[in-house]
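**Q** Take a look at this one; I'll ask things after.
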Amino acid sequence: MNTKSTLTQLCSPAHFEKAHAQSGFVSAQRVNQSLTASAEKRVLQWMAQRAPQWVTSDRLTLLGLAAQLGAGACYAWSRFHPYALLLAIVCTTLNWLGDSMDGTLARVRRQQRPRYGFYVDHMVDVFGALALMCGLGASGYLHWQTAIAMLIAFLILSSESYLATYTLSRFQLSQGLFGPTEIRILLIVGTLVLLRSPSVTLFGRRLLFLDIGGAAAAVTMFAMAVAITLRHTVELYRQEPLP
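Add 450 to the 1-based position in the sequence shown for this note's numbering, that's all there is to it.
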């Protein structure tokens, strides 16, 4: 059997149902409609097929967490050494590699652990987000109030996603055209802008560039959480009408 047909079989719904049934757990449908989803999937599958045996899903998960912690530390360090921002970009890229590839590698090698993977991956995301926001808040390029607002909005949106995964059996990896990869790209672009100038003039006032972007991100995430909550509440109400 050639590599392409083998991969198609591994990624088929029937294969997932068989694998998950062995643990008594059925994974939710994964939905990713982000801008980079299609190209990213092809790249990750290509890398997973060629990864050496010493590269494992658990090691990739640890790489993703370590890189996120490292990014937070680099942002905090950039308060004293601006070129630490370049290291933060490297860490963000490594975080993408570890966080995005661990699940693909498990599927390609038929080593899925749906409950373990879902739990560990998303707790890693929570601790990683905390480290990143703390690092940005300590950097001086972003006020603590904005960092905390972003963290709260992220946690609310994440909580809604996890609850929807359980109640609707649908795990939304992206919201609209934006997913984790798009957010990392925006963070990298924003970090490069900081190397040139950490502040901008808006309506005659000098403001921190990341404060503007961070406030917009926090408001957007919170608004999305409210809108999605209302939509899912209506959907669940219709699925479970009163007798």
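Even glycine gets a Cβ: it sits at the ideal position worked out from N, Cα and C.
Name the DSSP bridge partner or partners of Leu658?
**A** Ser649.
**Q** What residue range is occupied by the uninterrupted beta strand (DSSP E) comprising Gln622?
**A** Here the beta strand (DSSP E) through Gln622 covers Arg620 to Gln622.
**Q** In this structure, does DSSP put Arg480 in helix, strand or coil?
**A** Residue state, collapsed to three classes: strand.
**Q** Along the chain, which unbroken stretches of the alpha helix (DSSP H) at least 4 residues long are found entirely within the stretch 529-603?
**A** Entirely contained in the stretch 529-603, the alpha helix (DSSP H) runs reaching 4 residues are, in chain order, 534-558 and 564-589.
**Q** Which class does Gln625 belong to by DSSP, given the choice of helix, strand or coil?
**A** Correct three-state label for Gln625: strand.
**Q** Tell me whether Ala666 is buried or exposed, calling it buried when 16 or more other Cβ atoms sit within 10 Å of its Cβ.
**A** Answer is exposed; the Cβ neighbour count stays below 16.
**Q** DSSP on Val505, reduced to helix/strand/coil?
**A** Of the three classes helix, strand and coil, the one that applies to Val505 here is coil, per DSSP.
**Q** Distance check for Gly654 and Ser507, CA to CA, integer angstroms please.
**A** Approximately 50 Å between the Cα atoms of the pair.
**Q** Does the separation of the CB atoms of Ser624 and Asn482 fall below 8 Å?
**A** Yes, the pair counts as a contact, with Cβ atoms nearer than the cut-off.
**Q** Taking all protein chains shown into account, decide if Ala517 is buried (16 or more other Cβ within 10 angstroms of its Cβ) or exposed.
**A** Buried, because 16 or more other Cβ atoms sit within 10 Å of the Cβ of Ala517.
**Q** Applying the 10 Å Cβ sphere with the 16-neighbour rule, what's the burial state of Arg509?
**A** By the 10 Å Cβ count, Arg509 comes out exposed.
**Q** Can you have a look at Ser589 and say buried or exposed, based on whether 16 or more other CB atoms are within 10 angstroms of its CB?
**A** Ser589 should be labelled buried.
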